[in-house]
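Notes to accompany the following structure.
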Amino acid sequence: MSKTNSGAQAYQQQEQGYRDKALKMYPWVCGRCAREFVHSNLRELTVHHIDHNHSNNPSDGSNWELLCIYCHDNEHNKFHEFVLYGGTTEQKVAPATHNPFADLKALLNKPK
Numbered sequence: 001m002s003k004t005n006s007g008a009q010a011y012q013q014q015e016q017g018y019r020d021k022a023l024k025m026y027p028w029v030c031g032r033c034a035r036e037f038v039h040s041n042l043r044e045l046t047v048h049h050i051d052h053n054h055s056n057n058p059s060d061g062s063n064w065e066l067l068c069i070y071c072h073d074n075e076h077n078k079f080h081e082f083v084l085y086g087g088t089t090e091q092k093v094a095p096a097t098h099n100p101f102a103d104l105k106a107l108l109n110k111p112k
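Take 1 as the starting number for the sequence shown in full-length UniProt numbering and just add one per residue.
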């Protein structure tokens, strides 16, 4: 067995461990859209790590929240955009100091 396969297996076992704990700990409801889940669609409910660190799995579940696959993808996209573009608060933009039409009247009245 290659290192890649054994690493993937170890991750799947770790993921299954905290997923089982989270599903026992929390109601089967998406933390964002409030969609409710039952056994038949439970595979669509995922465990999201609040701090985005998949190694941080405290036994009290304080770093986990259950999200449906759609909200989970959205959450990771928001985080990715934050990393790429910075904060989500509006940045104050300094007013423009250049006036491209400042001399327009003089240019129009200039004799030909």
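From the three backbone atoms N, C-alpha and C, an ideal C-beta is built for every residue, glycine too.
Quick caveat: nothing in here was measured; it's all calculated off a predicted structure.
Opening and closing residue of the beta strand (DSSP E) in which residue i lies
i, result
"Val47", "45-49"
Rounded separation between residue i and residue j - CA only
i, j, result
"Trp28", "Cys71", "14 Å"
"Leu107", "Asn99", "14 Å"
"Thr97", "Tyr85", "26 Å"
"Lys24", "Ser59", "12 Å"
Opposing strand residues paired with residue i [DSSP bridges]
i, result
"Cys68", "Leu45"
Which of helix, strand or coil DSSP assigns to residue i
i, result
"Val83", "helix"
8 Å CB neighbourhood of residue i in its chain, flanking five on each side removed
i, result
"Phe79", "His52"
"Glu44", "Phe37, Cys68, Ile69"
"Asn63", "His49, Ile50, Asp51, Asn53, Asn56, Asn57"
Cut-off 6 Å between Cβ atoms - residues of its own chain near residue i, not counting five sequence neighbours on either side
i, result
"Glu36", "Val29"
Extent of the continuous alpha helix (DSSP H) to which residue i belongs
i, result
"Lys112", "Element bounds for Lys112: n/a, residue is neither H nor E."
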